[in-house]
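**Student:** In case it helps, the UniProt record's numbering puts the sequence shown at residues 1 to 594.
Yeah, the Cβ is synthetic: ideal placement off N, Cα and C, and Gly gets one too.
In this text the structure is predicted, and so the values were computed from the model without any measurement.
The structure that follows is given in the form of structure tokens.
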Amino acid sequence: MAPVAAEEDDVPRLQEPLRTVRGRGNEQDSKGRSHCSRSPPASPSSKRAQGMKRRRKMTEADHSCEDGEEKVPEKMNEGEEEEEVSSALSSPLHMPLLPFKFSGYDSDGQEILEPPDMDIVDAYQQRREEFQEKRARQLSLPTLNSSKSLCLSDPKLLDIHEPAKKAVLGAAKFILGLSSSIGGKPLARCSGFLVDWDETRKKGIVMTTSDIICSKSSLDCWSGEVECCPNAEVYVHLLDDTTVEARLIYSQTHYNLALFEIALETPSELPTFSSRVDRAQHIFKLGRDENLYLRISHGRVLYSNPYLCDRHHYMYVSSAIPEFGLGGLVIDLKGKVVGMTGLIHAFIPSSVILKCLKLWHKFRCIPRPQLGVKLWAIKFLDLPHIEMILRKTHICDGLIVSEGSILEKLGVRIGDIIEYLNGERIYDTIQLEELLLELCEGHFDNGNGLNSTLEMAVILFHIRKGAQSIKKLTANVLENGEVVKRGVFFVAGPTCEEIPNLAPLGEDALREEGWAGDSHIPTADGASTSVPLDQVGPGDPQIPTAEETSTSRPLDQVEPGKNRLSEGNAVSLYSTGLMSRTCSVLHSLPLNLM
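Structure below.
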């Protein structure tokens with residue numbers, strides 16, 4: 001109790017100098033007014049002047065308080081350790097101000113203030129920096145560090161604010177931060193969450209996106225150009241501000257999943273997964289930034305097909321993910337996990353994640369049959385499009401083959417509809433992925449493994465034939481990312497040897513191409529003229545005869561600087577069956593491009 005009594009005795013002695021300083025300030029103020037060359041006018045502006053005097057006195061009192069507070073630590077040096085432990089003894093934060101000197105009034109009754117000396121300005125700058133440093137320390141406290149996310153402040157969320165707040169705070173304890181580097185160079189930063197813990201080994205399993213170890217990315221997930229670095233250094237940032245090294249134990253590039261093992265003495269609570277997520281449902285995407293600050297974004301699940309560059313297992317959201325949100329949790333209003341963020345605008349639903357985790361726990365891999373096609377669900381198309389398909393085919397559910405070439409050898413072409421797979425009706429691509437994972441589980445239970453083949457029965461509707469058929473599909477079971485590339489080729493013009501062998505086009509073929517009627521034939525000067533087909537004869541000067549065509553020189557006899565195809569030969573392409581627009585192109589090509 002002795003220190004407390006001593007502090008109480010010091011209080012009046014500390015306050016006495018403050019009163020003295022205030023008294024001196026008042027005396028100086030009165031002296032300053034007595035030496036003024038002008039007195040304040042007696043007009044109503046004098047009231048304003050009096051108010052300004054009162055404010056000036058208050059400012060001087062604040063400065064005198066600061067001077068008095070600076071003397072406090074000199075008498076309390078013995079209690080510095082207590083001051084560091086508790087903030088009760090620290091002085092309140094005061095903002096420094098420049099002391100301007102009052103020198104009188106102007107003609108309008110406004111105070112005239114003289115600028116302070118440069119020594120005072122320098123001292124002010126120093127005090128200003130000290131003030132800002134202390135203010136920054138205060139704002140770094142958890143109670144004063146305001147939120148960077150304004151997600152729940154959206155007026156559109158007023159009706160769900162309370163359940164959303166409860167759900168987000170309940171799921172926040174599952175979100176961890178992850179960072180990676182290669183050779184000391186930062187690679188990526190994202191979020192993750194704990195999915196398993198071994199009590200005997202004191203090890204935890206953290207799931208995140210494989211982007212954490214991605215060294216080469218691609219806008220097209222089907223291109224096969226994505227590269228991962230399994231030797232990357234990965235660290236997990238726990239919520240107690242500790243960092244542990246993570247070891248990669250599995251990565252699945254097709255589903256964009258990665259599992260890491262970390263040392264964890266006391267596990268946190270594992271998240272609870274929901275079995276399904278519905279379209280138009282409210283969801284919240286959670287992540288951690290570089291300071292372990294919780295990042296939140298809100299959205300609703302869209303009625304959308306997968307983009308051509310994205311995998312089939314993604315569901316899309318009406319808003320982008322928060323910063324560093326890749327690999328973070330997606331929760332519903334009950335706080336249950338409905339997915340993991342895999343793309344900026346999409347997430348992997350919990351139904352797919354649970355089946356992937358089941359396969360990994362059971363077989364230490366996540367296999368998948370590779371179909372070699374890209375698909376669209378009919379039910380997510382525009383209503384006029386759905387109605388047209390229903391009117392033409394009497395089918396309202398199924399998957400449309402949008403791209404792919406592997407199944408063409410079985411008679412499956414772009415535009416055909418996959419209705420059933422192994423006897424089960426298919427409605428969307430998420431259901432398809434779930435079924436493929438279930439088939440892989442049964443396939444492995446029968447003693448098969450990776451790089452094996454899996455036979456499936458597919459019921460198709462051939463849109464060109466208007467008929468239904470059953471196809472036996474044999475797919476390779478792999479764990480790497482499936483590659484589906486669009487077929488491309490480089491266009492090359494026909495050679496002189498190929499031109500005489502081209503079959504002539506009939507009148508029906510020309511009519512289909514829109515060339516039945518007037519034909520645009522190039523002339524000698526490079527222009528074109530319209531000549532009706534029925535008026536083109538062997539004697540036409542613009543159309544050489546077959547004999548003239550056959551006299552063209554071979555390629556090895558073409559003189560430099562001249563076209564390989566003479567003007568007559570270029571026009572004769574029309575008589576051999578090629579369209580006259582091809583003749584115009586060949587006629588205008590120089591030698592080095594021919």
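(1) Of the choices LEU381, ILE205 and GLY299, whose alpha-carbon is the least far from that of ALA346?
(2) Considering only the alpha carbon of each residue, which of GLU424, ALA492, ILE417 and GLU403 lies closest to ILE463?
(3) Alpha carbon to alpha carbon, what distance is there between VAL412 and ALA475?
(4) Near LYS203, what residues of its chain come up, given a Cβ to Cβ distance below 8 Å and the 5 sequence neighbours on each side ignored?
(5) For LEU178, which of SER275, GLN468, PRO116 and ILE205 has the nearest alpha-carbon?
(6) Determine the direct distance from the alpha carbon of TYR235 to that of GLU419, and round the result to whole angstroms.
(7) Where ARG189 and SER452 are concerned, what is the direct C-alpha to C-alpha distance, given to the nearest angstrom?
(8) Using a threshold of 8 Å, is the CB atom of THR200 nearer than that to any non-hydrogen atom of the ligand SAM?
(9) Pull up the CB-CB distance for SER297 and PRO271, whole angstroms please, since I reckon it's below 8 Å.
(10) With DSSP collapsed to three states, give me the class of HIS443.
(11) Which value, in whole angstroms, describes the spacing of the CA atoms of SER218 and ALA123?
(12) Just the Cα atoms here: how many angstroms apart are VAL121 and GLU130?
(13) Please determine, among ARG127, GLY109 and SER103, the residue with the shortest C-alpha to C-alpha distance to ARG97.
(14) Do VAL168 and PHE273 count as a contact pair if the criterion is CB distance below 9 Å?
(15) Going by beta carbon distance, what residues of the same chain come within less than 8 Å of SER181, once the five residues before and after it are set aside?
(16) Where does VAL330 land, buried or exposed, given buried means 16+ other C-beta within 10 angstroms?
(17) Short check: CB of LEU343 to CB of TYR303, under 9 Å?
(18) Does the distance from the C-beta atom of ILE160 to that of GLY328 stay below 9 Å?
(19) Taking Cβ to Cβ, would you say VAL401 is nearer than 9 Å to LEU375?
(20) Name the two residues that bound the continuous alpha helix (DSSP H) containing PHE461.
(21) So, using beta-carbon positions, are ILE406 and LEU359 closer together than 9 Å?
(22) So what's CYS229 in DSSP terms, helix, strand or just coil?
(23) Helix or strand or just coil, what does DSSP make of ILE212?
(24) Decide yes or no for the touch test of the stretch 206-226 against the stretch 466-486: beta carbon pairs closer than 8 Å, at least 3 of them.
(25) Could you compute how far the alpha carbon of GLU69 sits from the alpha carbon of PRO92?
(26) Are there three or more Cβ pairs, one per stretch, closer than 8 Å when the stretch 379-390 is compared with the stretch 351-358?
(27) Alpha carbon to alpha carbon, how far is ASP220 from CYS440? Give it in angstroms, no decimals.
(28) Going by Cα to Cα distance, which pick from ALA377, GLN431, LYS485 and PHE461 is closest to GLY404?
(29) Which residue or residues does DSSP assign as beta-bridge partners of MET207?
(30) Considering just the uninterrupted stretch of the alpha helix (DSSP H) at MET388, what are its terminal residues?
(31) Taking GLU162 as the reference, give the member of LYS334, GLY493 and PHE461 with the closest Cα.
(32) Could you round the C-beta distance between VAL458 and PRO369 to whole angstroms and report it? I think they count as a contact, below 8 Å.
(33) For ARG279 and LEU399, I'd like the C-alpha separation in whole angstroms.
(34) Determine the DSSP secondary structure at GLU80, reduced to helix, strand or coil.
(35) Mind checking whether THR209 and MET340 have CB atoms under 9 Å apart?
(36) Around the Cβ of GLN125, are there at least 16 other Cβ atoms within 10 angstroms (buried) or fewer (exposed)?
**Tutor:** The structure says:
(1) Numbered from its first residue, the sequence shown carries residue 346 at position 346. Minimum Cα distance to ALA346 is reached at GLY299.
(2) Within the sequence shown, numbered from 1, the residue matching residue 463 stands at position 463. Closest by alpha carbon: ILE417.
(3) Here residue 475 refers to the residue found at position 475 of the sequence shown. Here residue 412 refers to the residue found at position 412 of the sequence shown. The alpha-carbon atoms of ALA475 and VAL412 are separated by roughly 14 Å.
(4) Position 203 of the sequence shown, counting from 1, holds the residue named residue 203. Taken in chain order, the residues that qualify are TRP197, GLU261, ILE262, ALA263 and LEU264.
(5) Sequence index remark: in the sequence shown, residue 178 carries index 178 (1-based). The residue with the shortest Cα to Cα distance from LEU178 is ILE205.
(6) Here residue 419 refers to the residue found at position 419 of the sequence shown. Here residue 235 refers to the residue found at position 235 of the sequence shown. Cα-Cα distance, rounded: 46 Å.
(7) Looking up residue 189 in the sequence shown gives position 189. Looking up residue 452 in the sequence shown gives position 452. The alpha-carbon atoms of ARG189 and SER452 are separated by roughly 36 Å.
(8) Ligands in the displayed structure: none, and consequently the ligand SAM is not present.
(9) The residue labelled residue 297 in the question sits at position 297 within the sequence shown. The residue labelled residue 271 in the question sits at position 271 within the sequence shown. Contact flag wrong, Cβ pair sits at about 18 Å.
(10) As a first step, residue 443 must be located in the sequence shown, where it is residue number 443. Looking at HIS443 - three-state DSSP - the assignment turns out to be helix.
(11) Taking the sequence shown and counting its residues from 1, one reaches residue 218 at position 218. Taking the sequence shown and counting its residues from 1, one reaches residue 123 at position 123. Rounded to whole angstroms, SER218 to ALA123 spans 57 Å at the Cα level.
(12) Here residue 121 refers to the residue found at position 121 of the sequence shown. Here residue 130 refers to the residue found at position 130 of the sequence shown. Taking the straight line from one Cα to the other gives about 14 Å.
(13) Here residue 97 corresponds to residue number 97 of the sequence shown, with the count starting at 1. A quick correction: the sequence has Leu, not Arg, at residue 97. Of the candidates ARG127, GLY109 and SER103, the one whose C-alpha sits nearest the C-alpha of LEU97 is ARG127.
(14) The count along the sequence shown starts at 1 and reaches residue 273 at position 273. The count along the sequence shown starts at 1 and reaches residue 168 at position 168. No, the Cβ-Cβ distance between PHE273 and VAL168 is not below 9 Å.
(15) By 1-based counting over the sequence shown, the position of residue 181 is 181. Counting only Cβ-Cβ distances below 8 Å, and skipping sequence neighbours, we find LEU187, ALA232 and GLU233.
(16) For this step, residue 330 is matched to residue 330 along the sequence shown. With 16 or more other Cβ atoms within 10 Å, it is buried.
(17) As a working note, residue 343 is residue 343 in the sequence shown. As a working note, residue 303 is residue 303 in the sequence shown. Against a cut-off of 9 Å, the Cβ pair of TYR303 and LEU343 comes out as no contact.
(18) Reading the sequence shown from its first residue, position 160 is the one you call residue 160. Reading the sequence shown from its first residue, position 328 is the one you call residue 328. No, they are not a contact pair.
(19) Position 401 of the sequence shown, counted from the first residue, corresponds to residue 401. Position 375 of the sequence shown, counted from the first residue, corresponds to residue 375. Yes. Within cutoff.
(20) As a position in the sequence shown, residue 461 is number 461, starting the count at 1. Careful: PHE461 lies outside any alpha helix (DSSP H), inside the beta strand (DSSP E) at 452-462.
(21) Numbered from 1 along the sequence shown, position 406 holds the residue referred to as residue 406. Numbered from 1 along the sequence shown, position 359 holds the residue referred to as residue 359. Cβ atoms of ILE406 and LEU359: not closer than 9 Å.
(22) Your numbering for residue 229 matches position 229 in the sequence shown. Reduced to three states, the DSSP call for CYS229 is coil.
(23) The residue labelled residue 212 in the question sits at position 212 within the sequence shown. Correct three-state label for ILE212: helix.
(24) yes
(25) On the sequence shown, position 69 is the one that residue 69 refers to. On the sequence shown, position 92 is the one that residue 92 refers to. Its pLDDT being 45, under 50, GLU69 is placed unreliably in this model, and the value from its coordinates should be taken loosely. Cα to Cα, the separation comes out at about 9 Å.
(26) no
(27) Residue numbering aside, residue 440 sits at position 440 when the sequence shown is read from its first letter. Residue numbering aside, residue 220 sits at position 220 when the sequence shown is read from its first letter. One C-alpha to the other measures close to 25 Å.
(28) In the sequence shown, counting from the first residue as 1, residue 404 sits at position 404. Residue LYS485 is the option with its Cα nearest to GLY404.
(29) Position 207 of the sequence shown holds residue 207. PHE193 and LEU259.
(30) Here the question's residue 388 lines up with position 388 in the sequence shown. Here the alpha helix (DSSP H) through MET388 covers 383-393.
(31) Along the sequence shown, read from residue 1 onward, the residue named residue 162 stands at position 162. Taking only the C-alpha atoms, the option nearest GLU162 is LYS334.
(32) In the sequence shown, residue 458 corresponds to position 458, counting from 1. In the sequence shown, residue 369 corresponds to position 369, counting from 1. Incorrect: roughly 12 Å between the Cβ atoms, too far for contact.
(33) Along the sequence shown, read from residue 1 onward, the residue named residue 279 stands at position 279. Along the sequence shown, read from residue 1 onward, the residue named residue 399 stands at position 399. Looking at the two C-alpha atoms, the distance is approximately 18 Å.
(34) Numbered from its first residue, the sequence shown carries residue 80 at position 80. The predicted position of GLU80 is uncertain, since its pLDDT is 46 and thus under 50; a value taken from the coordinates is nonetheless stated next. In the structure shown, GLU80 sits in a helix (DSSP, three-state: H, G or I).
(35) One-based indexing of the sequence shown puts residue 209 at position 209. One-based indexing of the sequence shown puts residue 340 at position 340. In this structure, MET340 lies closer than 9 Å to THR209 by Cβ.
(36) On the sequence shown, residue 125 is found 125 positions in, with the first residue counted as 1. So GLN125 ends up on the exposed side.
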